[in-house]
Each structure stands twice: as structure tokens, then as C-alpha cells.
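Working notes, structure below.
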Amino acid sequence: MKNTFRQLNQSLVIAVIALSLGLMPLMASAAVVKPAGRKLPVKIARKIVPAPVVAKVGKVNNNLPGHPVIFAANPVINVPSLASPTAPIKAVPTGRVYAKAVINDQPITLTGDEVMEISNTNFLQKHNIILKDRSQLIIKDSQFEQQNSRSVGHYLEARDFAQIKITNSDLRFSPGTTWRITDHASLNYSGSSMAADATSGIVWHEVTKEAKVDVYGTPFHASVTDRVQITIDRSPDVFLDLNVNGAIMNEDFPRAPIDYVFPGHNDHNIYFKIKITNSVAYRWGIKLSPVNDVTINNTDGVNIGLVFGWPLENATIALDGLKVGKFEDRIIVARQMKLRLINTTVTEWIPVVGDNNTLQIKNAALASQQWDWGWANVVLENCVIPSARAKNNVTMTLKDCAVNGDVTALDDGKIILINTTVAGQKVLRGNGQIKEQ
């Protein structure tokens with residue numbers, strides 16, 4: 022039973038810790054409605070087109086709402102390539118009037134060689150989008166919004182050899198939306214904007230396996246791992262969370278990369294490749310494992326995730342003084358993990374422990390303590406955190422701490438509060454327990 026929890030939960034933690042967000046939404050899957058010759062409501066995707074209108078292979082169906090959906094074995098799509106490095110970014114016009122408006126509250130699934138094109142359209146998607154095989158999603162000269170429901174975070178997933186191409190568009194996302202680009206799928210942004218205000222945020226990307234991303238003149242936030250390739254030029258807002266599990270590295274992460282390539286000559290055991298030019302990176306994220314030797318130099322803002330799971334078993338990890346701020350020269354050692362910070366400012370600490378290990382932290386200012394898993398024990402003393410959550414069979418003890426939000430115990434999780442103030446609510450779910458001493 023413990024081994025099952027270990028495999029499931031450690032995999033989940035590595036996949037979902039997004040250092041810029043503090044938490045990631047729960048992802049929901051939904052079945053796609055497929056017609057069986059009966060009349061269905063008018064929608065933009067082929068699988069919910071009303072009969073007798075049928076999109077034929079290799080032909081454009083102009084009777085669909087919004088803009089034609091193209092289905093072809095080898096479609097010819099006229100999408101501009103990334104502009105040259107010296108070309109100016111084409112600004113997205115404000116107050117634009119679009120030819121059509123579409124609201125779709127059904128999931129969109131593209132398979133085979135299907136191509137869905139959204140052009141000159143105000144398109145609101147209130148459900149998930151899934152691309153498989155060699156399908157394509159093209160958005161150009163449009164306003165596109167993916168909106169969450171009150172209880173479910175909707176997402177996009179592109180896998181296999183699927184492609185997403187977005188050009189000269191205004192993109193909007195309910196805060197917490199995630200796009201997963203995996204396998205050999207690719208994502209291409211060119212000259213598009215993303216609103217970042219009270220009602221809309223920048224989408225978080227999870228880029229894994231051998232996926233490829235090209236970004237020109239568009240904000241981009243993502244977690245990066247495996248063998249992915251990412252090229253970014255003229256982005257006004259870059260935030261990359263790098264999973265460097267097992268790496269040996271000595272690196273400076275620039276605020277304004279003019280011509281930056283990672284990994285560099287002093288970095289080893291890293292298999293993804295990143296190239297950034299003429300952009301602004303306000304923050305970086307580094308996710309460390311129990312077997313890392315990492316030095317970070319001259320970096321203005323970095324979020325640091327410390328994940329203590331396998332290969333540790335029944336281990337106790339003790340940390341002290343994880344404060345937010347600038348470190349002139351600080352070495353942190355935990356088992357086989359070594360982290361050295363030289364002239365570097367840490368904007369957030371995200372420690373996570375799993376399996377049957379114990380994590381003890383004193384005198385620290387941490388991110389929300391909520392991603393621990395398995396039968397782990399967490400002991401925080403004299404710490405400040407936004408919120409706390411114990412799930413699975415995790416036991417969390419807070420002594421002389423300040424919690425600025427809620428404490429939540431769910432599943433068989435247990436939270437013990439000793440001389441600790443909680444500004445929010447004490448929430449119990451399932452068999453969760455909260456005890457005060």
C-alpha cells in the first residue's frame with residue numbers, strides 16, 4: 022500500500038508543483054460527445070456539428086459558426102513563421118471588433134489529421150481541449166479565452182505529434198488554467214498578448230517528454246523537464262520552473278536575457294534545452310531532489326522547490342533559516358542535496374516531503390505547505406506560511422507558527438497546532454483531524 026502511494030503521489034508532486042502559482046488546479050477529464058447521425062447543437066468542433074452538415078476530408082465547411090474547421094490528410098495552413106530577431110513585435114490592437122463570436126461549453130477533442138482554425142473570432146471555451154495524433158489547433162487574429170467553472174479547472178492537453186499555433190491574438194485565462202504539452206507535440210506563439218489582471222491570468226504550461234515550444238513576443242510561464250526544447254524571443258514576461266533532478270550545475274539566471282542558453286558548460290545531467298533572447302525574466306524556479314549539487318549565482322529572483330522523496334526512506338531532513346531575501350553566500354545541505362546561493366535573492370521556498378520521510382523546518386518563511394504525500398511527517402517551528410494542508414496519511418505539526426490563511430486536513434491527514442495562530446478557517450474533510458494543544 023505504501024509503495025502505491027509513493028509512486029502515485031511523488032509523480033503527482035513532480036508534475037504539479039508550479040512555483041509561480043503556489044498551487045495548481047485539480048484537472049478534470051470529460052467525455053467527448055460524438056454524433057451518431059442525429060441532430061446536435063451547433064458548436065465549433067466537428068464532433069458536435071449538427072446533421073446534415075458534415076465536414077468532409079480535404080474540404081472547408083463554411084456553414085459552421087465562428088470560422089471554418091478544416092479537416093484534411095495533409096492540410097495547407099498559411100501560418101506566418103516566427104519573425105526575424107530584428108523585426109518589431111506586432112502589437113495586438115485594442116478595441117478590436119471580431120467578425121464572429123462563439124461560446125462553447127463542450128470539450129473539444131481533435132484526433133488524426135483534424136485541424137481546427139479560429140480566425141477573426143471572439144471565442145470563449147468553457148471546457149477542456151485535447152489534441153491527439155497529428156491534429157492541429159490554429160488561433161489567429163482572434164480573442165480566445167478558456168474559462169474555468171467554479172469547481173473545476175479546465176485545461177488543454179496536446180500529445181503525440183499534435184501542434185498548436187497561435188498568432189496575433191488576445192489570450193485570456195481564468196487564473197489557474199494549465200496547458201500540458203507532452204510527447205512530441207509542439208506549441209508556437211507569435212505576437213500575442215495575455216491579460217494578467219483580477220479576472221484573467223497567464224496560462225501555466227507543463228512541458229514534458231520531447232515537446233517543443235517556440236515563443237515570439239508573448240508572455241510565457243512554464244515548468245520544464247525531460248528532453249524538451251524551448252526557444253523564446255522578445256517575451257515581456259518569462260517564468261520557467263526548471264526540474265533539475267539529479268543535476269550538477271553552477272549557473273547565473275539573468276533578469277533580462279539578451280542571448281542566454283541553458284544548460285551551460287558548467288551544468289551536467291540536464292537534458293532539456295532552453296534559448297532565450299531579448300526578453301524579461303522576472304523570476305526563475307528551480308526544483309531540487311535529494312541528489313543534487315547546485316550553485317546559483319547573481320540571480321535577482323528565484324523560487325526554490327525542495328522535494329524529499331525516493332530514494333530516501335525513513336529519513337529525517339532538518340532545515341533552518343529558509344527566509345525570503347538575498348543571500349550573499351549560503352550553503353544548504355540535506356542528505357545528498359547541496360544548494361549554494363551566491364549573491365542571489367530567493368522569492369519563495371517550497372519544501373515538500375513524501376513517502377515515510379520526516380521534514381523538520383525551523384525559523385522559516387515558506388510557501389503554502391500542501392503538497393506532502395504518503396505517510397510523511399512535517400514539523401514546522403517558528404515558521405510563517407500562507408496556508409497548510411495535510412492529505413493522504415500526512416501528519417503536520419505546527420509549533421509557534423503563524424498561518425495567514427486556512428488549515429485543511431483531508432483523507433487521513435492530521436494537523437497538530439501548538440501555540441499557533443490561524444488567520445483563516447480550520448477545515449476537515451474525509452477522515453481528516455485537526456488538534457490544538
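In our numbering, the protein residues as written are 22 to 458.
Cβ atoms here follow ideal geometry from the backbone N, Cα and C, with glycine treated the same way.
Just so we're clear, the structure is a prediction, and the values are computed from it rather than from any experiment.
1. Relative to the C-alpha of Trp-225, which candidate in Phe-194, Ile-253, Val-415 and Ser-214 has its C-alpha closest?
2. Alpha carbons only, please: which of Leu-333, Gly-133 and Asn-141 is nearest the one belonging to Ala-122?
3. Quick one: grab the DSSP three-state call for Glu-231.
4. Output the distance between the C-alpha atoms of Val-374 and Gln-454, rounded to the nearest integer angstrom.
5. When we look at the beta-carbon of Asn-287 and count the other beta-carbons within 10 Å, is it buried (16 or more) or exposed?
6. Need the endpoints of the beta strand (DSSP E) that His-242 sits in, please.
7. Rounded C-beta distance between Ser-388 and Pro-407? I'm assuming under 8 Å.
8. Alpha carbon to alpha carbon, what distance is there between Asp-314 and Lys-308?
9. How long is the line joining the alpha carbons of Gln-157 and Asp-321, rounded to whole angstroms?
10. Would you mind reading off the limits of the beta strand (DSSP E) that contains Ala-216?
11. Put Ala-57 into one of helix, strand or coil per three-state DSSP.
12. So who's on the other strand from Ala-444, going by DSSP bridges?
13. When the Cα atoms are used, what is the spatial distance from Ser-221 to Leu-208?
14. Does the segment 226-234 come close enough to the segment 243-256 to have 3 or more Cβ pairs within less than 8 Å?
15. Let's see if you can read the secondary structure: which residues bound the beta strand (DSSP E) around Ala-411?
16. Express the C-alpha separation of Val-367 and Glu-349 in angstroms, rounding to a whole number.
17. Buried or exposed for Pro-332, please, with buried defined as at least 16 other CB atoms from any protein chain shown within 10 angstroms of its CB.
18. Ends of the beta strand (DSSP E) at Phe-194?
The relevant details are as follows:
1. Position 204 of the sequence shown, counting from 1, holds the residue named residue 225. For Trp-225, the nearest C-alpha among the options comes from Phe-194.
2. Mapped onto the sequence shown, residue 122 falls at position 101. Each of Leu-333, Gly-133 and Asn-141 was checked against the Cα of Ala-122, and the nearest Cα belongs to Asn-141.
3. As a position in the sequence shown, residue 231 is number 210, starting the count at 1. Three-state result, Glu-231: coil.
4. For this step, residue 374 is matched to residue 353 along the sequence shown. For this step, residue 454 is matched to residue 433 along the sequence shown. Rounded to whole angstroms, Val-374 to Gln-454 spans 19 Å at the Cα level.
5. Locating residue 287 in the sequence shown gives position 266, counting from the first residue. Classification for Asn-287: exposed.
6. As a position in the sequence shown, residue 242 is number 221, starting the count at 1. Its beta strand (DSSP E) spans residues 241-245.
7. The residue you call residue 388 lines up with position 367 of the sequence shown. The residue you call residue 407 lines up with position 386 of the sequence shown. Checking the sequence, you will find Ala at residue 388 rather than Ser. Indeed, because the Cβ distance is near 7 Å, the residues count as touching under 8 Å.
8. If you number the sequence shown from 1, residue 308 lands on position 287. If you number the sequence shown from 1, residue 314 lands on position 293. Rounded to whole angstroms, Lys-308 to Asp-314 spans 12 Å at the Cα level.
9. What you label residue 157 is simply residue 136 of the sequence shown in a count that begins at 1. What you label residue 321 is simply residue 300 of the sequence shown in a count that begins at 1. About 38 Å.
10. In the sequence shown, residue 216 corresponds to position 195, counting from 1. Element bounds for Ala-216: n/a, residue is neither H nor E.
11. One-based indexing of the sequence shown puts residue 57 at position 36. Since pLDDT at Ala-57 reaches only 34, below the 50 mark, its modelled position is unreliable, and no value is offered.
12. Looking up residue 444 in the sequence shown gives position 423. In DSSP, Ala-444 forms no bridge with anything.
13. As a working note, residue 221 is residue 200 in the sequence shown. As a working note, residue 208 is residue 187 in the sequence shown. Approximately 21 Å, taken between the alpha carbons.
14. The segment 226-234, when compared against the segment 243-256, does touch it at the 8 Å Cβ threshold.
15. The count along the sequence shown starts at 1 and reaches residue 411 at position 390. Residues 409-411.
16. Counting from one through the sequence shown, the residue named residue 349 turns up at place 328. Counting from one through the sequence shown, the residue named residue 367 turns up at place 346. The straight-line gap from Cα to Cα measures roughly 11 Å.
17. For this step, residue 332 is matched to residue 311 along the sequence shown. Looking at its Cβ environment, which holds fewer than 16 other Cβ atoms inside 10 Å, Pro-332 is exposed.
18. For the purposes of this step, residue 194 is taken as residue 173 along the sequence shown, with counting starting at 1. Run containing Phe-194: 191-194, per the beta strand (DSSP E) assignment.
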